[in-house]
Each structure stands twice: as C-alpha cells, then as structure tokens.
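Which chain is which? The protein sequence lines are A and B, in order. Using numbering that gives the first Met the number 0, read the first sequence as starting at 0 and increasing by one per residue. Using numbering that gives the first Met the number 0, read the second sequence as starting at 0 and increasing by one per residue. Cβ atoms here follow ideal geometry from the backbone N, Cα and C, with glycine treated the same way. On a predicted model such as this, the values are computed, not experimentally measured, just so you know. Down below is the structure, laid out as structure tokens.
Number of protein chains: 2
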Amino acid sequence: MAKDMRERILNTASWLFQSRGINATGVDAIVAEAGIAKMTLYKYFPAKEDLILESVRRHSREFTEWLTKRLERTAANPSEKLQQLFDGVEEWLANPQCNGLSFIKASAEFPQPENAVNRLSVELSHEFRDCITNIAREAGIRSAEALGLQLAMLIEGAVLSEQLTKSSDAIEHARQAARILIESSRR
Amino acid sequence: MAKDMRERILNTASWLFQSRGINATGVDAIVAEAGIAKMTLYKYFPAKEDLILESVRRHSREFTEWLTKRLERTAANPSEKLQQLFDGVEEWLANPQCNGLSFIKASAEFPQPENAVNRLSVELSHEFRDCITNIAREAGIRSAEALGLQLAMLIEGAVLSEQLTKSSDAIEHARQAARILIESSRR
DNA sequence: AAACAAATATACAGATCTGTATAATTATGT
DNA sequence: ACATAATTATACAGATCTGTATATTTGTTT
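In structure tokens, the structure reads:
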C-alpha cells in the first residue's frame, strides 16, 4: 500500500538520521535499510531535504506528544504532571532506541539561520518549550513562561548528558534540580 | 613559519566546522578559506579526522580555560566565581563569532559510541563538567559533584537555546535558576 | 483477463569528497 | 650565492553523493 511505503521510508530515515547522523546518512543507505527502490523514495520525497524536514519534525512531535500523553496518563492532577516531568523523560531515555532530541541534532548539522532545517529546528524547540510551559501554567505556576524555559533547558542538557554518557546519573540530578526550581516558583 | 601554518589551518577549520557544520565542511573549503595549498594541510594533518579531533578539542578547551580565567579575574573569592558563572557564559555568548559548544555539535554529527570524535566529545564534556564542579567545590559546596552536574546541564541547555534563538532571554532565566540551585545547595 | 498503477532493477550523469602525485615556486639557513 | 626545506599549483584517482532515465516486474481494479 502506498501509505505504508511512505511511512516505512520516513521511519527508516528517522532512525538512520538519528543514530548515524543526517549528513552521514546517504539516500542509498536509507533505501537499502528500508528495502525499497530508490525511485520509490524520490517519488514520495522529491529531495533529500524534504525527507530530512519531515523526519525531524515527526521525531520531535512524537516526543512531545508522547510526553504529554504519558503525563496525562500517570498524573492525577496538573500539579503532579509537573512533578513527573523527569520521570517521563527518564522513561523515554530508557528506550535503547532513543537517540536524543532530533531538533538539537538537526540544528548542529545545519547551523546556518537561513537554512530550512535550522529554521524548523528553531520552530520545534519552541513547540517543545511551549509544551513544558503549558504544563507549568496548568499547574498554577504564576511565572509559567520562566519556569517552562528553565525546565526545557534542563531537559535539553540532561538528554545531552545522558546521550553522551549512557546510564549516568544526569537524569537523577536534573530531576532534583527541577524539584527545587518548581518549589521555588510556587512560593 | 611552520607553526603559524598549523595554527592558521586549525583556526580556519575550527571556525568553519563550528559555523557551517563538520561534515558539511570539505577540505577544499578549509584550504580556500585559509588561503593555503591542500598539500600543506595534509602535511600537518594526515587525515580530515585528525583535523576534526584537534579542532574540537581545542575549541572546547579554549572555552573552559577562558571561562576559568574570566572568573578568576572578576571574582573576589571562590563563592563569587560560582555566582558569576552565567555572567561569564553570557559574555562568551555575546561574541557574534560564538557558535556554541563544540563537543555538543561534534557528538551530534558523530553519534556512534565507537567513533573517535564521539569518544573525544564525551571526554570534553566531562572536562567541562569537572571545571564547574571544581568551582563549586572551591566555593565550599558540600555536594559539589551534584551541583556541578546540574549547572553544567543548565549551561548546555542555555547555550543551545541561545544558539537556536539569538538574543532570547534564555541566559537570564538560566542565571536565575542557577542562583536558586546554588542557594539550595548552601543550606 | 485486460488495463492501469505502483514498485523494482539497473545504469548512469554530474557533482563533490578525501587523499595523492608531481613539478614549479618560494623561503630559509649557512 | 647555494643548498635545502617548505609551500604552491595543478591535475588526478577513486570513492561517494544526489538525483534521473528507462525498462521490467509486480500488484490492483474492473
């Protein structure tokens, strides 16, 4: 089916981009890993950049949506959502197929502001921050924007640290820092 | 002079890697920008990877050394060093030629643990964290390791945010978060 | 079964990449 | 001034990359 084909290409590309790097992953590698013909890929994605853009966007939004739903599932009230933030991040990082935040990696490989991938990365990083800010706002934090940004930065740093040094205690210390910042915002 | 040549190559490569991306920067681009012959580059650096490794290492160590000296220059005592941490980071980021932390970008482009560039990135991220931890320890923080890691994560997140969105208020909020975490570590 | 669409296999063009070979040119030191 | 070393210019080999052309095979629909 045509829809399956697009999905398969997108999933394969997403995985290879994230695990081997975007520029280090050639179209031929994606085609081989997905087990499809090259012409099929170029039918659904006229250029590699289209595939990069959609892969990064998808990967990032899957994370924020997953996190949002995970918190809605396990938290009894808005305040608990905020407290369980790093439990969610930890659970997400525990997946061995996890390879970090896609918009961070993408922005590192395409650092120039006029580049389409970089612009998308900026957009996605704002979406992510807004997601955290909304949780803070719903939890009744007055300075939700400030705390949201602070927690977002902390998560980004924690994910980076955990990616660089697997099974470090980065998440544990980030969670403790978050507790302190949240409590401080409540007063 | 031979030493100048090596320096020039290293500085040019460092700049291009950081501002355009490592894999996106070809040897020919480095050679053109440095105004030298390709053979000269390959005389001092037998392979591009050697140039990557030394550029990333240099860029990272220059930052941590700069930050250390900046704090020693402006702070009257160890405790002030800790408090001025984000003033230093802000000053460093204010340089328009600043393009973020090199070991973060390098690890994004070379994500595989067995890769030499990735291993170096891990090493440099530890050096950076230890630098912050030492400042915390000298400032008399009991849990210096914990606070050092927390502040390092916060700095990494803040640098990322500031790189993605220029002249945002990321540093300002990161500094405030640091104040709270430091004060909390003192009690 | 016939007609149409989708996917494949293969080959290739053209650009770019890393790294090398070779000969000419410039600097340097004695 | 002369010998030696360093740098340059140019060309190129071989690999790899993105994207396309073309013909064949497979799958679906009616």
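### Task
If I'm right that arginine 57 of chain A touches leucine 9 of chain A with Cβ under 8 Å, what's the distance once you round it to whole angstroms?
6 Å between Cβ atoms; contact.
### Query
leucine 163 of chain B to phenylalanine 102 of chain A, Cα distance in whole Å?
Going by the C-alpha atoms only, they are around 10 Å apart.
### Query
For asparagine 76 of chain A, does the count of other Cβ atoms within 10 angstroms reach 16, so buried, or fall short, so exposed?
That one is exposed.
### Query
Leaving out five residues before and five after aspartate 168 of chain B in sequence, what residues of the same chain have Cβ atoms less than 8 Å from its Cβ?
Cβ within range, chain order: n/a, list empty.
### Query
Does any C-beta atom of chain B lie closer than 8 Å to the C-beta of serine 183 of chain A?
Serine 183 of chain A has a beta carbon lying within less than 8 Å of a beta carbon in chain B.
### Message
Does the beta-carbon of histidine 58 of chain A, which I'm using as the reference point, lie nearer than 7 Å to any heavy atom of the ligand MG?
### Response
The ligand MG is absent from the structure shown, which contains no ligands of any kind.
### Task
Sort A:Gln17, A:Arg7, A:Arg60 by Cα distance to glycine 34 of chain A and report the nearest one.
Relative to glycine 34 of chain A, the option among A:Gln17, A:Arg7, A:Arg60 whose CA is nearest is A:Arg7.
### Message
Less than 8 Å between the beta carbons of isoleucine 95 of chain B and asparagine 98 of chain A, yes or no?
### Response
At residue 95 of chain B the sequence reads proline, which differs from the isoleucine that was named. Going by C-beta atoms, proline 95 of chain B is not nearer than 8 Å to asparagine 98 of chain A.
### Message
Suppose the cutoff is 6 Å on Cβ atoms and the five residues either side in sequence are ignored; what does the same chain contact list for lysine 37 of chain A look like?
### Response
Closer than 6 Å at the Cβ level, and outside the excluded window around lysine 37 of chain A, lie Val30.
### Task
Find the nearest neighbour of leucine 180 of chain A within the set B:Gln149, B:Val158, B:Leu159, B:Glu161, judged by alpha-carbon distance.
When each option's Cα is compared against that of leucine 180 of chain A, the closest is B:Gln149.
#### Entry: Member of B:Ala46, B:Gln17, B:Gly87 whose CA lies at the smallest distance from the CA of glutamate 71 of chain B
The option with the nearest alpha carbon to glutamate 71 of chain B is B:Gly87.
### Query
isoleucine 179 of chain B versus chain A: which residues are under 8 Å apart at the beta carbon?
Within 8 Å of the CB of isoleucine 179 of chain B, the CB atoms of chain A belong to Ile179, Leu180, Ser183, in sequence order along the chain.
#### Entry: alanine 176 of chain A (DSSP reduced to helix, strand or coil)
It is helical.
### Task
Under 8 Å by Cβ, that's how I've got alanine 151 of chain A and isoleucine 131 of chain A pegged, so tell me the actual separation to the nearest angstrom.
Indeed, because the Cβ distance is near 5 Å, the residues count as touching under 8 Å.
### Message
Judging by CA-CA distance, which residue of B:Leu159, B:Leu40, B:Ala28 is the nearest neighbour of aspartate 3 of chain B?
### Response
Minimum Cα-Cα distance from aspartate 3 of chain B among the listed residues B:Leu159, B:Leu40, B:Ala28 corresponds to B:Leu40.
### Task
Determine, using beta carbons only, whether proline 95 of chain A comes closer than 8 Å to chain B.
For proline 95 of chain A, no Cβ of chain B is located within less than 8 Å of the residue's own Cβ.
### Query
Which same chain residues, not among the five before or five after leucine 123 of chain A, have their C-beta less than 6 Å away from its C-beta?
The beta carbon of leucine 123 of chain A sits closer than 6 Å to the beta carbons of Ser59, Phe102 from its chain, once the five residues preceding and following it are set aside; these are given in chain order.
### Query
Taking the alpha helix (DSSP H) that isoleucine 131 of chain B falls in, what are its first and last residues?
First-last of the alpha helix (DSSP H) with isoleucine 131 of chain B: 115-137.
#### Entry: Under the three-state DSSP convention, the category proline 95 of chain B falls into
It is coil, neither helix nor strand.
#### Entry: Option nearest phenylalanine 127 of chain B by Cα separation, candidates B:Ser183, B:Glu155, B:Ser106, B:Arg136
For the residues B:Ser183, B:Glu155, B:Ser106, B:Arg136, the minimum Cα distance to phenylalanine 127 of chain B belongs to B:Glu155.
### Task
Would you check if the distance between the CB atom of isoleucine 226 of chain B and the CB atom of serine 184 of chain B is smaller than 8 Å?
The question about residue 226 of chain B has no answer here: the residues shown for chain B are numbered 0 through 186.
### Neighbour-count burial assignment, glutamate 64 of chain A, 16 or more Cβ in a 10 Å radius
The residue is exposed, with fewer than 16 neighbouring Cβ atoms inside 10 Å.
### Close Cβ partners of alanine 74 of chain A (< 6 Å) along its chain, the five nearest in sequence each way excluded
Answer for alanine 74 of chain A: Lys80, Gln83, listed in chain order.
#### Entry: 8 Å Cβ cutoff, isoleucine 134 of chain A in contact with chain B
No, its Cβ sits nowhere closer than 8 Å to a Cβ of chain B.
#### Entry: Pairwise C-alpha distance: arginine 136 of chain B and valine 121 of chain A
One alpha carbon belongs to valine 121 of chain A, the other to arginine 136 of chain B, and they sit about 36 Å apart.
### Query
Does the separation of the CB atoms of alanine 230 of chain A and leucine 52 of chain A fall below 8 Å?
A query on residue 230 of chain A cannot be resolved here, the shown segment of chain A reaching from 0 to 186 and no further.
### Query
To the nearest angstrom, how far is it from the Cα of lysine 165 of chain B to the Cα of lysine 165 of chain A?
In this structure, the CA atom of lysine 165 of chain B is about 30 Å from the CA atom of lysine 165 of chain A.
### Query
Any idea what DSSP makes of aspartate 168 of chain A, helix, strand or coil?
Aspartate 168 of chain A falls in the coil class under three-state DSSP.
### Query
Just curious, the alpha helix (DSSP H) that isoleucine 140 of chain B is in, first and last residue?
Element bounds for isoleucine 140 of chain B: n/a, residue is neither H nor E.
### Query
Does the beta carbon of serine 124 of chain B sit closer than 8 Å to a beta carbon anywhere in chain A?
With 8 Å as the cut-off, serine 124 of chain B counts as an interface residue toward chain A.
### Task
Write down every uninterrupted run of the alpha helix (DSSP H) in the region 48-106 of chain A whose length is 4 residues or greater and which is fully enclosed by it, in chain order.
Correct list: 77-82, 84-93.
### Message
Among the candidates B:Ala28, B:Thr11, B:Ala143, whose CA atom is the shortest distance from the CA of valine 55 of chain B?
### Response
The residue with the shortest Cα to Cα distance from valine 55 of chain B is B:Thr11.
### Query
Taking Cβ-Cβ distances shorter than 7 Å, what residues in chain B pair up with threonine 164 of chain A?
Going along chain B in sequence order, the residues near threonine 164 of chain A (Cβ under 7 Å) are Val121.
### Query
Cβ of leucine 66 of chain B less than 8 Å from any chain A Cβ?
No, leucine 66 of chain B lies away from the interface with chain A (no Cβ there is under 8 Å from its Cβ).
### Message
On the CB-based measure, 16 or more other CB atoms within 10 Å of its CB, does glycine 147 of chain B come out buried or exposed?
### Response
By the 10 Å Cβ count, glycine 147 of chain B comes out buried.
### Boundaries of the alpha helix (DSSP H) in which isoleucine 29 of chain A is found, first to last residue
Looking at the DSSP string, the run of the alpha helix (DSSP H) that includes isoleucine 29 of chain A is 26-33.
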